[in-house]
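Only one structure is covered here, and it is reproduced in the block below.
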Amino acid sequence: MKIQKVTDETRVKAYALLQRAFPSSDYETTLVKKLHENGRPMHEWVCIHVGKVIAYIAFTNAYHGNELCGLHLAPMAVAPDFQKQGIGSELLRFALRQEAIKNQTLFVLGEPGYYQRFGFAPCTVPICPFDNNNAHFLSMRNESTVSFVVGYEPEFVPLAIPPRPKTKKRRLR
Ligand SMILES: CC(C)(COP(=O)(O)OP(=O)(O)OC[C@H]1O[C@@H](n2cnc3c(N)ncnc32)[C@H](O)[C@@H]1OP(=O)(O)O)[C@@H](O)C(=O)NCCC(=O)NCCS
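Take the sequence shown: its position 29, counted from the start at 1, is 39 in this note's numbering, and no numbers get skipped.
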């Protein structure tokens, strides 16, 4: 398995991988395609195994108002048949050692149990606009003390949350 920067050739393979890793949603694939189309600054790597892209990781700019304040790790995916074999961990650890990443403030919206093992810690400020009370928002090398809503590239949009089913009010006896 080798890890390399995303090229024109591996981009298309990365879209296919994202679709397989997130089968019930087009969100991640569309997001990455739009970020590419719009030429947003990104740091991206893929894992290649016998000519196939089996994992993908991307970082995009994080903003405090109009100022850069770090990078968002998103999205990250491993092909379903290669998950839980340490590939995601290897790719993430590789990315965290890279020059463009290793001294940056990093943010991630994800499973705390997964990302904490790589040095991310729960984040209270800044506030993630896509989370509830920052319950799944973590950071690394984050020295923010003031509260603000961290900015993402405009291609990141809130996922449509299905309306909650209406429940009949129960009368208290
Ligand atoms: C989440 C994901 C990137 C992890 O990659 P992976 O290669 O499967 O992970 P690893 O094999 O390196 O996992 C290392 C450990 O994390 C655990 N882990 C994996 N996914 C986890 C999750 N969602 N929450 C908590 N722990 C998780 C594994 O059980 C494993 O634990 P162990 O070392 O105690 O056995 C991958 O499972 C995936 O692509 N999932 C679907 C897409 C997704 O959810 N992406 C992340 C959000 S953008």
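Just so you know, even glycine gets a beta-carbon here, dropped at the ideal spot from N, CA and C. Note that the structure is a prediction, hence the values are computed from the model and not measured.
Just the C-alpha distance for residue i and residue j, rounded to the nearest angstrom, thanks.
i, j, result
"V156", "E121", "24 Å"
"R50", "Q14", "19 Å"
"A65", "L106", "15 Å"
"L83", "C133", "14 Å"
"A24", "F147", "25 Å"
"S99", "D91", "15 Å"
"L119", "Y37", "15 Å"
"V88", "K12", "14 Å"
"T20", "I58", "9 Å"
Could you give the residue range of the beta strand (DSSP E) that holds residue i?
i, result
"F69", "62 to 74"
"A110", "A110 -> no beta strand (DSSP E), and no H or E assigned at all."
"F166", "Careful: F166 lies outside any beta strand (DSSP E) and carries neither H nor E."
"F147", "147 to 150"
Which of the three DSSP states is assigned to residue i in this structure?
i, result
"H59", "strand"
"G123", "helix"
"G80", "strand"
From which residue to which residue does the alpha helix (DSSP H) around residue i run?
i, result
"K44", "37 to 47"
"V118", "Where V118 is concerned, there is no enclosing alpha helix (DSSP H), although the beta strand (DSSP E) it sits in stretches over 116 to 119."
"E19", "18 to 31"
Mind checking who residue i pairs with in its DSSP beta bridge?
i, result
"I13", "C57"
"A89", "Looking at the DSSP assignment, A89 forms no beta bridge with any residue, so it has no partner."
"I137", "V159"
"A105", "Paired residue(s): none; A105 is not in a bridge."
"P132", "L148"
Are residue i and residue j closer than 7 Å when you measure CB to CB?
i, j, result
"F128", "A72", "no"
"V63", "L27", "yes"
"Q29", "T39", "yes"
"F140", "H74", "no"
"V22", "V56", "no"
"E54", "A31", "no"
"G80", "T115", "yes"
"V135", "S154", "yes"
"T70", "M86", "no"
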